[in-house]
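Protein sequence lines correspond, in order, to chains A and B.
Each residue of the first sequence is one higher than the one before, counting from 98 in this note's numbering.
Each residue of the second sequence is one higher than the one before, counting from 642 in this note's numbering.
All residues carry an ideal CB built from backbone N, CA and C; glycine is no exception.
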Amino acid sequence: MAAVEWSSTRRAFEVAWLALVALLVAAVLDDELTRERTGEMRGVLVVSVAVDDTRDSRSGVKFDVNLDLSGMVDIVSDQNTLCLAYKAEPSSAASVHTVLHSVIHTQKERKKELQRMVAGEEKGLVLLDFWVSPFAQRCRIALAEKGLACESVEQELLGEKGELLLRSNPVHKKVPVLLHAGRAVCESLVILEYIEDAFPEVAPRLLSADPLARAHARFWADYVDKTVYGIGTRLWKLKGEGRAAARAEMLETLRTLDGELGGKAFFGGEAFGFVDVALIPLTSWFYSYEEHGGFSVQEEFPRLAEWARRCGERESVAKILTRPEDVLDFIGLLKKCYGIVE
Amino acid sequence: MAEPVKLIGCFGSPFVHRVEVALRLKGVPYELIEEDLNNKSDLLLKHNPFHQKVPVLLHGDRPAVCESLIIIEYIDEAFSGPSLLPSDPYERAMARFWAAFMYKCKDSMWIALWTDGEVQAASAREMKANLTLIERQLPEGKKFFGGDTIGFLDIAVGGIAHWMGVFEEIAGVHLLIEEEHPALCRWAREYILDETVGQCLPDRDRVVAALTPRKELYVSIAKAMAAQK
Numbered sequence: 098m099a100a101v102e103w104s105s106t107r108r109a110f111e112v113a114w115l116a117l118v119a120l121l122v123a124a125v126l127d128d129e130l131t132r133e134r135t136g137e138m139r140g141v142l143v144v145s146v147a148v149d150d151t152r153d154s155r156s157g158v159k160f161d162v163n164l165d166l167s168g169m170v171d172i173v174s175d176q177n178t179l180c181l182a183y184k185a186e187p188s189s190a191a192s193v194h195t196v197l198h199s200v201i202h203t204q205k206e207r208k209k210e211l212q213r214m215v216a217g218e219e220k221g222l223v224l225l226d227f228w229v230s231p232f233a234q235r236c237r238i239a240l241a242e243k244g245l246a247c248e249s250v251e252q253e254l255l256g257e258k259g260e261l262l263l264r265s266n267p268v269h270k271k272v273p274v275l276l277h278a279g280r281a282v283c284e285s286l287v288i289l290e291y292i293e294d295a296f297p298e299v300a301p302r303l304l305s306a307d308p309l310a311r312a313h314a315r316f317w318a319d320y321v322d323k324t325v326y327g328i329g330t331r332l333w334k335l336k337g338e339g340r341a342a343a344r345a346e347m348l349e350t351l352r353t354l355d356g357e358l359g360g361k362a363f364f365g366g367e368a369f370g371f372v373d374v375a376l377i378p379l380t381s382w383f384y385s386y387e388e389h390g391g392f393s394v395q396e397e398f399p400r401l402a403e404w405a406r407r408c409g410e411r412e413s414v415a416k417i418l419t420r421p422e423d424v425l426d427f428i429g430l431l432k433k434c435y436g437i438v439e
Numbered sequence: 642m643a644e645p646v647k648l649i650g651c652f653g654s655p656f657v658h659r660v661e662v663a664l665r666l667k668g669v670p671y672e673l674i675e676e677d678l679n680n681k682s683d684l685l686l687k688h689n690p691f692h693q694k695v696p697v698l699l700h701g702d703r704p705a706v707c708e709s710l711i712i713i714e715y716i717d718e719a720f721s722g723p724s725l726l727p728s729d730p731y732e733r734a735m736a737r738f739w740a741a742f743m744y745k746c747k748d749s750m751w752i753a754l755w756t757d758g759e760v761q762a763a764s765a766r767e768m769k770a771n772l773t774l775i776e777r778q779l780p781e782g783k784k785f786f787g788g789d790t791i792g793f794l795d796i797a798v799g800g801i802a803h804w805m806g807v808f809e810e811i812a813g814v815h816l817l818i819e820e821e822h823p824a825l826c827r828w829a830r831e832y833i834l835d836e837t838v839g840q841c842l843p844d845r846d847r848v849v850a851a852l853t854p855r856k857e858l859y860v861s862i863a864k865a866m867a868a869q870k
């Protein structure tokens, strides 16, 4: 590991060096991603670069360059520091994916962009996002179905959370957050309702105009919210009795949803709607739940499985949903973070 | 002739109270059917098979509407009368967000009320921080979250105004303190004094008497919540 101090007069050199490193990292990651697509993965180059802006007017800039070839994703950054220190698990596509989405741009550019958004200069829609979040995907699907352009801004959730996220969602510090003309709307189902309310002329409507149908749609979306993800998390996090209990609850939940769907094409009837949007991103997690719970959705709940396939034929859903294998990989990553050994 | 509205409820429930306030604010006449939750009726089990809880709203022959906040939105949309939710989409989103926040607070509130030691202390701090966040939503110089009149968020948060005191008394714990949350306490007094609220607010002493026997149940629920955290 080499630590080198540069005086402030070598600012130009610093910028060039940073650009070179960024290129190097981008090239490596690009290369890895290409190989990942063709099914191969190898050990990945690790680069750790710390740039401390707040110090450079006094004592200059300090760089740490570290080469390593194994381990896990670790991203540390805040508004003044780009600390891209990562070691990727060769077998985990999720790790590379996470890094690629989270860090490539220098923080300075990002900061300017974020400040513009906060100032409301971005008149359009911005979604604070995380690639595997089923809750963020609900919002993206709704917007895509309606043809509403929205910029998706990937957030760092495994490392330190960014300033924009903390400022936009100080209460929960979670994604998704929808920014519209500089104002922040949080909580995915609240965002879905907001999209309906704020763009009343835009088709398709995800909620019926009929108060009773709306109440039922809200009830089932709320039911999904209170069950699937929470029970699913216990299913992969816990062992023994805890896992068995979660398994039983998951089967009960899926049975209830399957029963509610019945013979209908979608939860609301003939048209893709609110409840479908609320549940469909969670179907990417079904494979992981099946693996941990030892059951098959196709076998136990064929109508629900068929519904998931039907939704998957929609362009929005096909484009936005995470591949089930990538979700399983991500859960593997989380288990390592939590120190859980299977 | 308007279709009859029936509300399946039970004595002392803050959730049933929410719906009663909403119905009264909208000027919708209704029949209250009181359930004994230790002996649930077929009517309740038929109309709310998934949660088996009150309140449940029956409007004419229509299928039931369940979950208090969802019922309130239904009432707002199905009946004419003053709007319970704001008309601006962003304000509506804020009201829904903070109403949903109340639901998320319930764990820390429950643990703060019914456990002890460091677990209780940590939850109490969390609950008080939550109360501060809610308090900040009160519009400057206005009596209620909804402005000059009671609105959706007042109804969603109304439990704090009456039931917080009830649980504090049974548990012997003080969470909502005048010095710490003066604006919220002022709001709570205004809420209780409101004429419409007064018509369906259960007598405090009667509620204390009705809920005190459930203390052991509350304690075990709180312990389970703390264990899962």
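Give a yes or no on whether the minimum CB-CB distance between A/Arg-237 and chain B is below 9 Å.
no
Proximity to A/Gly-279 [Cα-Cα], best of A/Arg-340, A/Asn-266, A/Ser-285 and A/Arg-315
A/Asn-266
Below-9 Å beta-carbon distance, B/Arg-871 vs any chain A residue
For chain B, the structure presents residues 642 to 870; residue 871 of chain B sits outside this window and is missing.
So B/Phe-785 and B/Ala-740 are in contact, right, with Cβ under 8 Å, and what is the actual spacing, rounded?
So it is not a contact: roughly 14 Å between Cβ atoms.
Give the C-beta separation of B/Gly-653 and B/Val-695 to the nearest angstrom, bearing in mind that I take them to be a contact with Cβ-Cβ under 8 Å.
Not confirmed; about 11 Å, so no contact.
Give the interface partners of A/Tyr-320 over in chain B, defined as CB-CB distance under 8 Å, in chain order.
Phe-691
Quick one: does A/Pro-273 have its CB under 9 Å from some CB of chain B?
no
How about B/Lys-647 and B/Leu-726: do their beta carbons lie closer than 9 Å?
no
What are the residues of the stretch 688-718 of chain B that lie near chain A, defined by any Cβ-Cβ distance shorter than 8 Å?
Phe-691, His-700, Arg-703, Pro-704, Val-706, Cys-707, Glu-708, Ile-711, Ile-712, Glu-714, Tyr-715 and Glu-718
DSSP on A/Phe-363, reduced to helix/strand/coil?
strand
Classify B/Arg-737 as helix, strand or coil using the three-state DSSP reduction.
helix
Which residues does DSSP pair with A/Ser-249 in a beta bridge?
A/Leu-224
For a quick check, are the C-beta atoms of B/Leu-666 and B/Gly-701 less than 9 Å apart?
no
For A/Ala-314 and A/Val-372, I'd like the C-alpha separation in whole angstroms.
6 Å
Can you name the start and end residues of the alpha helix (DSSP H) that B/Ile-674 belongs to?
No alpha helix (DSSP H) holds B/Ile-674; the beta strand (DSSP E) holding it covers 672-675.
By a C-beta neighbour count over all protein chains shown, 10 Å radius and 16 as the cutoff for buried, is B/Glu-708 buried or exposed?
buried
Determine, for A/Lys-312, whether the minimum Cβ-Cβ distance to residues of chain B falls below 9 Å.
As written in the sequence, residue 312 of chain A is Ala, which differs from the Lys given in the question. Yes, its Cβ sits closer than 9 Å to a Cβ of chain B.
Who are A/Ile-377's beta bridge partners in DSSP?
DSSP lists no partner for A/Ile-377.
Kindly indicate the opening and closing residues of the alpha helix (DSSP H) around B/Arg-703.
Careful: B/Arg-703 lies outside any alpha helix (DSSP H) and carries neither H nor E.
Thinking just about the alpha-carbon of each residue, which of B/Tyr-715, B/Met-735 and B/Trp-751 is nearest to the one in B/Gly-813?
B/Trp-751
Residues sharing a beta bridge with A/Gly-279, DSSP:
DSSP, once it has assigned bridges, lists no residue as partnering A/Gly-279.
Below 7 Å between beta carbons is the criterion; list the residues of the stretch 269-293 of chain A that meet it against any residue of chain B, in chain order.
Arg-280, Val-282, Cys-283, Glu-284, Val-287, Glu-290 and Tyr-291
Could you tell me the alpha carbon to alpha carbon distance between A/Glu-242 and A/Ser-413, rounded to whole angstroms?
6 Å
Is the CB-CB distance between A/Tyr-386 and A/Gly-329 below 9 Å?
yes
Within this structure, are the beta carbons of A/Arg-302 and A/Ile-417 separated by less than 9 Å?
no
Using the beta-carbon of each residue, which ones in chain B are nearer than 7 Å to A/Pro-308?
Tyr-715, Glu-718 and Ala-719
Residues of the stretch 769-796 of chain B whose Cβ lies closer than 7 Å to any Cβ of chain A, in chain order
Leu-774
Apart from the five residues just before and just after B/Gln-869, which ones in its own chain have a Cβ nearer than 8 Å to its Cβ?
none
Taking CB distances under 9 Å as the criterion, tell me whether A/Thr-419 reaches chain B.
no
Kindly give me the distance between the Cβ atoms of A/Leu-425 and A/Val-394, rounded to whole angstroms, as I take these residues to be in contact under 8 Å.
14 Å between Cβ atoms; not a contact.
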